[in-house]
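**Q** Sequential numbering of the sequence shown, starting at 25, is according to the numbering used here. We put the CB at the ideal spot given by N, CA and C, even for glycine. Have a look at this one before I ask anything.
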Amino acid sequence: MIKYEIPGMGEIEISNLCLDYNGTIAYEGKLIEGVSEKILALKSDLDIYVLTADTYGTTKKECEKLGINIVTFDRENASECKERIVKELKGNTVSFGNGLNDIQMFDNSKLSIAIIGSEGAYSGLLAHSTMVVSNILDAFNLLLDKKKIKATLRN
């Protein structure tokens with residue numbers, strides 16, 4: 025678990041990290057450089073889940089050495105599947121995503137970070153996001169450095 029003390033918001037506790045795969049932590053089915061290291065830095069404090077329809081069929085191979093949870097589902101019901109998973113985790117979740125199918129996941133997360141990476145991001149997702157960053161490494165750095173997340177969220 026990671027605890028953040030945010031002026032105006034109080035204490036926020038996070039136990040889980042849910043990651044959209046393609047467009048968020050991966051590009052064209054391959055993990056973005058630096059993502060593995062950031063996941064390894066967080067996995068002792070958080071239960072980490074990759075939520076994916078596995079469009080390229082590469083998720084398990086790309087993530088196998090990370091020792092994290094990989095949850096795959098049908099493309100047609102991606103939004104509902106992501107929402108169900110976050111609800112089952114019971115609230116102390118931060119989610120990263122970039123697409124339309126991440127809205128329901130974001131709406132059920134304690135914190136949500138939209139990633140506007142090289143694949144872009146669904147503009148409607150921004151209204152459901154706690155924070156927005158321009159690349160995945162910046163999102164991980166927000167979680168790893170309590171001063172950065174505090175500066176962004178304080179009242």
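As an exercise, report each continuous beta strand (DSSP E) stretch of at least 3 residues that is fully enclosed by the segment 62-128, in chain order.
**A** 71-76, 93-96 and 117-121
**Q** On the DSSP bridge list, what partners appear for A138?
**A** DSSP, once it has assigned bridges, lists G121 and V156 as partnering A138.
**Q** Got a sec? Which residues, its chain only, sit under 7 Å from S158 by beta carbon, not counting five neighbours each side?
**A** I140
**Q** Since L177 is in the alpha helix (DSSP H), which residue starts that stretch and which ends it?
**A** K170 to L177
**Q** Suppose contacts are defined by Cβ-Cβ distances below 8 Å. Is M129 in contact with E112 by that definition?
**A** no
**Q** Answer with buried or exposed for M155, where buried requires no fewer than 16 other C-beta atoms within 10 angstroms of its C-beta.
**A** Buried: at least 16 other Cβ atoms inside 10 Å.
**Q** For A50, list the residues DSSP reports as bridge partners.
**A** N46 and L55
**Q** Return yes when the Cβ of N122 is within less than 8 Å of the Cβ of L149, no when it is not.
**A** yes
**Q** Do the segment 70-90 and the segment 46-53 meet, that is, are 3 or more Cβ pairs less than 8 Å apart?
**A** yes
**Q** On the CB-based measure, 16 or more other CB atoms within 10 Å of its CB, does D169 come out buried or exposed?
**A** exposed
**Q** Kindly list the residues whose CB is nearer than 6 Å to the CB of G53, restricted to its own chain and excluding five residues on each side of it in sequence; keep chain order.
**A** Y80 and T82
**Q** Please confirm whether L166 and I26 have their CB atoms less than 8 Å apart.
**A** Judged by their CB atoms, L166 and I26 are not nearer to each other than the 8 Å cut-off.
**Q** Less than 8 Å between the beta carbons of N116 and E37, yes or no?
**A** yes
**Q** Taking all protein chains shown into account, decide if A65 is buried (16 or more other Cβ within 10 angstroms of its Cβ) or exposed.
**A** exposed
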